[in-house]
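A.B. asks:
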Amino acid sequence: MERENDRTRRKYKKEESARIRKLVDFALDRDPRIMRHKQFEKEEKERKRKEKYNNRQAEKNALADKQAAAEAARAAEEAAAKDQAKSDKEKRQALKKQLKFERKKITKLCAAAIQEKPEIQWELDMCIGAGDHPDVPMDMLQFYLFEWEQIPDVKALIETIERTAQETKLANETARLEAKSASAQQIAKAKADQEAESAARQVEWTSEEQRLLVKGVKKFPAGMANRWGRIAEFIGGRHSEAEVIKVCKSGLNFATKETNAFEEFLQVKNSSSSASKEKDKQEKMQADESVAAWSGAKLSERMEGAQNAAQDRAVAEARQDAAQQQVAKEVAEQEASGRTAIDAAASEWTMEEQKALEAALKKYPSSDKERWDKIAADVGKTRKQVVKRCKEIRDQAANQGAAAEKATPSRTQQAPAHEWTPEEQQALEAALRKHPSSDKERWDKIAAEIGKTKKQVVKRCKDIRDNLAKVQN
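Going by the working numbering, the sequence shown opens with residue 157, and the numbers climb by one from there.
1) Taking the C-alpha atoms as reference points, what is the distance between glutamate 157 and arginine 166?
2) With a cut-off of 8 Å on the beta carbons, I'd call isoleucine 176 and leucine 184 a contact; round off their distance for me.
3) Evaluate glutamine 366 with the Cβ neighbour count: other Cβ atoms within 10 Å of its Cβ, from every protein chain shown; 16 or more gives buried, anything less gives exposed.
4) I'd like the span of the alpha helix (DSSP H) that includes tryptophan 304, first residue to last.
5) Give the straight-line distance between the Cα atoms of serine 339 and alanine 346, rounded to the nearest whole angstrom.
6) Over the uninterrupted alpha helix (DSSP H) stretch that includes methionine 507, give me the two end residues.
7) Please classify threonine 164: is it buried, with 16 or more other beta-carbons within 10 angstroms of its beta-carbon, or exposed?
8) Is DSSP giving valine 359 helix, strand or coil here?
9) Taking just the CA atoms, how far does alanine 235 sit from lysine 222?
10) Whose C-alpha, out of Ser593, Gln581, Asn217, Ala381, is nearest the C-alpha of glutamine 612?
11) Determine the DSSP secondary structure at alanine 571, reduced to helix, strand or coil.
12) Alpha carbon to alpha carbon, how far is glutamate 334 from isoleucine 284? Give it in angstroms, no decimals.
13) Within 10 Å of its beta-carbon, does alanine 286 have 16 or more other beta-carbons around it, so buried, or fewer, so exposed?
14) With a Cβ-Cβ cutoff of 8 Å, do leucine 297 and arginine 259 count as a contact?
15) In chain order, what residues of the same chain lie with their CB nearer than 7 Å to the CB of glutamate 315, ignoring the 5 residues before and after it?
16) If we count the other Cβ atoms within 10 Å of its Cβ and call it buried at 16 or more, is serine 173 buried or exposed?
17) Which ranges does the alpha helix (DSSP H) cover as unbroken runs of at least 4 residues, wholly within the stretch 241 to 321, from first to last along the chain?
18) How would you label histidine 193, buried or exposed, when you count the other beta carbons within 10 angstroms and need 16 or more for buried?
19) Given alanine 231, which residues of its chain have a CB within under 7 Å of its CB, disregarding the five upstream and five downstream residues?
20) With H, G and I counted as helix, E and B as strand and the rest as coil, what does DSSP make of tyrosine 168?
21) In angstroms, rounded to a whole number, what distance separates the CA positions of aspartate 468 and arginine 332?
22) Is the number of C-beta pairs between the stretch 381 to 389 and the stretch 534 to 542 that are closer than 8 Å three or more?
23) Excluding five sequence neighbours on each side, which residues of the same chain lie with their C-beta closer than 8 Å to the C-beta of aspartate 295?
24) What is the DSSP secondary structure of aspartate 622, counted as helix, strand or coil?
25) Can you give the Cα-Cα distance for phenylalanine 376 and glutamate 389, rounded to whole angstroms?
26) Taking DSSP as the reference, what is the three-state secondary structure of histidine 591?
27) Under 8 Å between the Cβ atoms of glutamate 279 and alanine 321?
28) Where do the N-terminal and C-terminal ends of the alpha helix (DSSP H) with arginine 386 fall, by residue?
29) Keeping to the same chain, check which residues put their C-beta closer than 7 Å to that of threonine 609; ignore five residues upstream and five downstream.
30) Could you pull out every residue in the same chain whose Cβ sits closer than 6 Å to the Cβ of glutamate 605, ignoring the five residues on either side in sequence?
31) Start and end of the alpha helix (DSSP H) containing aspartate 600?
32) Among Glu353, Lys374, Gly607, which residue has its Cα nearest to the Cα of lysine 525?
33) Please state if the CB of leucine 313 and the CB of isoleucine 262 are separated by a distance shorter than 8 Å.
34) When the Cα atoms are used, what is the spatial distance from threonine 330 to leucine 265?
35) Do you know offhand how far alanine 637's Cα is from glycine 372's?
36) If we count the other Cβ atoms within 10 Å of its Cβ and call it buried at 16 or more, is proline 179 buried or exposed?
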């Protein structure tokens, strides 16, 4: 009965829902208010669409106008530049024609002198800037024309031309030397600025960064994409890729505040170059106001100064060549002996470095896979140098042991190699209680605390265990 009532209830509910839905749909289709609202929404949507389209078209038109204006301005600038270049070219051509006309007048004036002494033609061309000689200003040509017209004698004119040619030659040489000196100053200044900028950007390497660099070189092998960038990011990002590459190419010789003797020697040698000498000379001339005296000196004095400068330059270059030959000879001798100054300085071990090596050997156990890298980072040497030092110490100890064994008469008379004092026995018992057997590095820690090797500690414990077993039996 209840199931029948529930079935009837669901049937009536479904019919009632359908009737209400039909009524709502009819109202939505026929109600004028709803129809007006739908029409308003449709018109509003269309209006927004048209407004958006118009705004987009306006932006496109504005951008096109802006581009057209920029193109017009660029075209105007190009046209103005072309007009200016054309005007400058016309002025140069006009000046060139005028210079040529003045040279012809001077050549015509000196025709008698050339006929009297034909070889004077080259000196005359130098004076007036003809042929391959440097150009002479217009006012200078007009001055020559005015002065030489006042000379009636041909021989006097020839002497004047020769004297003027000599003065022009010295003036050209002086201008060339001044230009060369200015260029040397610019090169020296640029080099000094570059070195100062490089020194300012250089960051000192910490021991942790050195250890991470050694690890990063192994972690990111050669051939990997963006290898040096990854290594620089791996060590912290304080050093650029160029610094990382430079340090790796130099054999992991990290930048420190101290400089070795070879670098100081190179710095002294570079400071004696011609550019640095020329710079010091110019600064000295400016300090004692000799530049003004030079510019206002007579032509003969300037000629004498130019000759002295050329001699000083030749002497400096000869000294520089001799110094370079001496340096090359010393380097060749060092290479012939199988060891350069840098290698010798790098292979020397001071007492502090030896102590740091011993402390690092105790600090990092042999079970550590990165033991040698960490030791090299703490000591400040490369991994190769540290391993080589340890092998040398091991070989020396082996040689000393062999010599002692050979010198001993009999094995029975030899004293025990490793004796344990009561203090060491107490320290061993305390360390065994301190470090549980679950610790993987237990024996390394115990050996480090006692001051014995791992092998000696394990052997001592085995001996004690065997003795206890014998006593119990």
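All C-beta atoms, glycine included, are put in the ideal place defined by N, C-alpha and C.
C.D. replies: If we stick to the structure as given:
1) To locate residue 157, count along the sequence shown from 1; it is residue 1. To locate residue 166, count along the sequence shown from 1; it is residue 10. Looking at the sequence shown, residue 157 is not glutamate but methionine. So the alpha carbons of these two residues sit roughly 14 Å apart.
2) Residue mapping note: residue 176 aligns to position 20 of the sequence shown, counting from 1. Residue mapping note: residue 184 aligns to position 28 of the sequence shown, counting from 1. That belief does not hold up - the Cβ atoms of isoleucine 176 and leucine 184 are roughly 13 Å apart, past 8 Å.
3) Position 210 of the sequence shown, counted from the start, is the residue given in the question as residue 366. Counting Cβ neighbours within 10 Å, glutamine 366 comes out buried, since at least 16 surround it.
4) Translated into positions along the sequence shown, residue 304 becomes position 148. Its alpha helix (DSSP H) spans residues 294 to 305.
5) Residue numbering aside, residue 339 sits at position 183 when the sequence shown is read from its first letter. Residue numbering aside, residue 346 sits at position 190 when the sequence shown is read from its first letter. If I take the Cα positions, the gap works out to 11 Å.
6) Here residue 507 is taken as the residue at index 351 of the sequence shown, counted from 1. Unbroken alpha helix (DSSP H) run through methionine 507: 507 to 519.
7) In the sequence shown, the residue the question calls residue 164 occupies position 8. When all chains shown are included, threonine 164 counts as exposed.
8) Numbered from 1 along the sequence shown, position 203 holds the residue referred to as residue 359. Three-state result, valine 359: coil.
9) Counting from 1 along the sequence shown, the entry for residue 222 is found at position 66. Counting from 1 along the sequence shown, the entry for residue 235 is found at position 79. Near 20 Å, if we compare the C-alpha coordinates of alanine 235 and lysine 222.
10) To locate residue 612, count along the sequence shown from 1; it is residue 456. Minimum Cα distance to glutamine 612 is reached at Gln581.
11) Counted from its first residue, the sequence shown places residue 571 at position 415. The predicted model places alanine 571 with a pLDDT of 38, which falls under 50 and marks its position as unreliable, so this point remains unresolved.
12) Residue 284 sits at position 128 when you count from the first residue of the sequence shown. Residue 334 sits at position 178 when you count from the first residue of the sequence shown. If you take the alpha carbons of isoleucine 284 and glutamate 334, they lie about 22 Å apart.
13) Start at 1 with the first residue of the sequence shown, and residue 286 comes out as number 130. Flag for alanine 286 reads buried.
14) Position 141 of the sequence shown holds residue 297. Position 103 of the sequence shown holds residue 259. In contact: leucine 297 and arginine 259 (Cβ atoms closer than 8 Å).
15) Counting from one through the sequence shown, the residue named residue 315 turns up at place 159. Within the same chain, glutamate 315 has no close Cβ partners at all.
16) In the sequence shown, the residue the question calls residue 173 occupies position 17. Exposed is the call here.
17) 267 to 272, 277 to 284, 294 to 305
18) As a working note, residue 193 is residue 37 in the sequence shown. It counts as exposed.
19) Here residue 231 is taken as the residue at index 75 of the sequence shown, counted from 1. Once the five neighbours on either side are set aside, alanine 231 has no close Cβ partner at all.
20) As a first step, residue 168 is located in the sequence shown; it is residue number 12 there, counting from the start. Helix at tyrosine 168.
21) Counting from 1 along the sequence shown, the entry for residue 468 is found at position 312. Counting from 1 along the sequence shown, the entry for residue 332 is found at position 176. So the two alpha carbons sit approximately 16 Å from each other.
22) no
23) Translated into positions along the sequence shown, residue 295 becomes position 139. None.
24) Taking the sequence shown and counting its residues from 1, one reaches residue 622 at position 466. The answer is helix: DSSP assigns aspartate 622 an H, G or I state.
25) Here residue 376 refers to the residue found at position 220 when the sequence shown is read from its first residue. Here residue 389 refers to the residue found at position 233 when the sequence shown is read from its first residue. Between phenylalanine 376 and glutamate 389, the C-alpha separation is close to 12 Å.
26) As a working mapping, residue 591 is identified with position 435 in the sequence shown. Coil, per DSSP.
27) Looking up residue 279 in the sequence shown gives position 123. Looking up residue 321 in the sequence shown gives position 165. Yes, Cβ-Cβ distance for glutamate 279 and alanine 321 is below 8 Å.
28) The count along the sequence shown starts at 1 and reaches residue 386 at position 230. Unbroken alpha helix (DSSP H) run through arginine 386: 383 to 390.
29) If you number the sequence shown from 1, residue 609 lands on position 453. Correct list, in chain order: Ala603.
30) Numbered from 1 along the sequence shown, position 449 holds the residue referred to as residue 605. Result list for glutamate 605: Ala587, in chain order.
31) Within the sequence shown, residue 600 is the residue found at index 444, counting from 1. Looking at the DSSP string, the run of the alpha helix (DSSP H) that includes aspartate 600 is 598 to 606.
32) Sequence index remark: in the sequence shown, residue 525 carries index 369 (1-based). The residue with the shortest Cα to Cα distance from lysine 525 is Lys374.
33) Mapped onto the sequence shown, residue 262 falls at position 106. Mapped onto the sequence shown, residue 313 falls at position 157. In this structure, leucine 313 does not lie closer than 8 Å to isoleucine 262 by Cβ.
34) As a first step, residue 330 is located in the sequence shown; it is residue number 174 there, counting from the start. As a first step, residue 265 is located in the sequence shown; it is residue number 109 there, counting from the start. In a straight line, the C-alpha of threonine 330 is about 29 Å away from that of leucine 265.
35) A query on residue 637 cannot be resolved here, the shown segment of the chain reaching from 157 to 629 and no further.
36) For this step, residue 179 is matched to residue 23 along the sequence shown. Reading off the sequence, residue 179 comes out as leucine, not proline. It is exposed - the Cβ of leucine 179 has fewer than 16 other Cβ atoms within 10 Å.
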